[in-house]
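Trainee: Okay, here's the structure, questions in a sec.
Numbering (this note's numbering), first residue to last: 32 to 191.
Encoded structure:
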């Protein structure tokens, strides 16, 4: 082919709908509320051509900086050469999902805040380390003494 490098080139499988997943998106897609500052996952939906992001942004996580009636303004960090550039793109809501990247962090932060409040209420002033620690090696084990068995190869015998 002479000119096979258009805007959607190389996306035959990337934007393809899954098996038994063709057709228009569910209503949940349109009823989801997005707010500025939230993290979203950009995931192009091949059934909707309007407002589709470039294939580079497919699967990337960005932060919402603008919310309009049908679209979201998303800031995505893109590596260009040896630097990182913040790109601002507008994507229709059909191509965006809420990201779960902050769930564990928020849960951990709430737990740490709760521990700090409890310690303050008890009047404990000594510091406590709430950082995550690596699991480390397993503890010591004692192996029961058993009879020692010597292994040796069977003697060779010719069979013919």
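Note that the Cβ used here is the ideal one computed from N, Cα and C, for glycine as well. Just so we're clear, the structure is a prediction, and the values are computed from it rather than from any experiment.
Helix, strand or coil for residue 108 per DSSP?
Mentor: Residue 108: strand per DSSP, three-state reduction.
Trainee: Please state if the CB of residue 93 and the CB of residue 105 are separated by a distance shorter than 7 Å.
Mentor: Yes, the pair counts as a contact, with Cβ atoms nearer than the cut-off.
Trainee: Tell me whether the beta-carbon of residue 109 lies closer than 7 Å to the beta-carbon of residue 98.
Mentor: Against a cut-off of 7 Å, the Cβ pair of residue 98 and residue 109 comes out as no contact.
Trainee: Quick check on the DSSP output: what are the complete alpha helix (DSSP H) runs of length 4 or more inside the stretch 92–165, in order along the chain?
Mentor: The qualifying runs are 134–153.
Trainee: What residue range is occupied by the uninterrupted beta strand (DSSP E) comprising residue 72?
Mentor: Counting along the chain, the beta strand (DSSP E) containing residue 72 begins and ends at 70–73.
Trainee: In terms of residue numbering, what span does the alpha helix (DSSP H) encompassing residue 61 cover?
Mentor: Counting along the chain, the alpha helix (DSSP H) containing residue 61 begins and ends at 58–62.
Trainee: Quick check on the burial criterion: 16 or more other C-beta atoms within 10 angstroms. Buried or exposed for residue 76?
Mentor: Buried, because 16 or more other Cβ atoms sit within 10 Å of the Cβ of residue 76.
Trainee: Using 8 Å as the threshold, is the stretch 119–139 in touch with the stretch 61–71, meaning 3 or more CB pairs across them?
Mentor: The stretch 119–139 is in contact with the stretch 61–71.
Trainee: Under the three-state reduction of DSSP, which class applies to residue 190: helix, strand or coil?
Mentor: Correct three-state label for residue 190: coil.
Trainee: Enumerate in chain order the residues of its own chain whose CB-to-CB distance from residue 102 is below 8 Å, with the five nearest sequence positions on each side excluded.
Mentor: Taken in chain order, the residues that qualify are 82, 121, 122, 123 and 124.
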